[in-house]
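Residue numbers (the numbering used here), protein chains in the order written: chain A, 10 to 123; chain B, 796 to 908. First up is the structure itself, then whatever we jot down about it.
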């Protein structure tokens, strides 16, 4: 069965650079979520999209932005990268809101800022 | 503040023993899910339990939910070395049409062969 695809799997950037992470949801899933997980930390919710509109927002820095495109894939853009942005970034998708269904996660993108 | 708090934070058991992890949360929920994460890897969905359910089984996994106490437990029976991982509970907020999960702090399980 198709799963959530994230690319790239690994990314190394220097401070103050920009990074773009991509997420391709499970086919027919209309909702995408982004999470950030620092070393030894629990996943922190960043932002979610439903039907290409932002649906909820968590602790996402102003330096980060995201959107969901017409084909439902999503991109997380991160600018002015800081060392503290080094983390595992997860994308998840679901069919509809979480009140009624479960979310499935991708393998994550490991971002290292040097 | 965390929506979900898990205990214990770390658990070490022998292969064949049962492992129990607990999760407490703060707000009302529609459902609660348990995920497994191998070191530095993706989150694997284990089981979803809805707020109107009290217990659910899946293979060697048994999940209970007590909405009056706002808590859930995950029991892994007859543990194996391959069960070594971190286990997280995640809850949605009870608002209809909610679009986020809040994760607990996770329990790091180590199963010794």
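Backbone N, C-alpha and C define an ideal beta-carbon position, used for all residues, glycine too. Everything numeric in this text was worked out from a predicted model, so none of it was measured.
Rounded to whole angstroms, how far is the Cβ of residue 21 (chain A) from the Cβ of residue 110 (chain A), which I believe are closer than 8 Å?
Actually they are not in contact, since the Cβ atoms of residue 21 (chain A) and residue 110 (chain A) sit about 35 Å apart, beyond 8 Å.
Pick helix, strand or coil for residue 111 (chain A), following the three-state DSSP scheme.
coil
Thinking C-beta only, is residue 26 (chain A) closer than 7 Å to residue 39 (chain A)?
For residue 39 (chain A) and residue 26 (chain A), no; Cβs fall outside 7 Å.
Minimum Cβ-Cβ distance from residue 104 (chain A) to chain B less than 7 Å:
no
Bridge partners of residue 84 (chain A), per DSSP?
Per DSSP, A:31, A:76.
Please confirm whether residue 58 (chain A) and residue 45 (chain A) have their CB atoms less than 7 Å apart.
Contact: no.
Count Cβ pairs between the stretch 64-80 of chain A and the stretch 809-817 of chain B that sit closer than 8 Å; are there 3 or more?
no
Can you check which of these residues, B:826, B:866, B:825, B:841, is closest to residue 880 (chain B) by C-alpha distance?
B:841
Helix or strand or just coil, what does DSSP make of residue 797 (chain B)?
With a pLDDT of only 40 at residue 797 (chain B), under the threshold of 50, the placement of this residue in the model should not be trusted; the figure read from the coordinates follows. DSSP places residue 797 (chain B) in coil when its eight states are reduced to three.
If we count the other Cβ atoms within 10 Å of its Cβ and call it buried at 16 or more, is residue 797 (chain B) buried or exposed?
For residue 797 (chain B), the predicted structure reports a pLDDT of 40, less than 50, and the residue's modelled location is therefore unreliable. A value from the coordinates is still provided. Exposed, since its Cβ has fewer than 16 Cβ neighbours within 10 Å.
Compute the Euclidean distance between the alpha carbons of residue 95 (chain A) and residue 123 (chain A), then round it to the nearest angstrom.
8 Å
Taking C-beta pairs closer than 7 Å, name the residues in chain B that residue 47 (chain A) reaches, listed in chain order.
Result: empty, since nearest Cβ-Cβ is about 12 Å, beyond 7 Å.
Closest to residue 808 (chain B) by C-alpha separation, out of B:887, B:878, B:885, would be which residue?
B:878
Alpha-carbon spacing of residue 903 (chain B) relative to residue 837 (chain B), whole angstroms:
15 Å
Please compile the residues from chain A whose C-beta is within a distance smaller than 7 Å of the C-beta of residue 828 (chain B).
111
Here's a check: name, in chain order, each residue in its chain whose Cβ is nearer than 6 Å to the Cβ of residue 33 (chain A), leaving out the five neighbours to either side.
Taken in chain order, the residues that qualify are 14, 82.
Identified DSSP bridge partners for residue 63 (chain A)
Answer is A:58, bridged to residue 63 (chain A).
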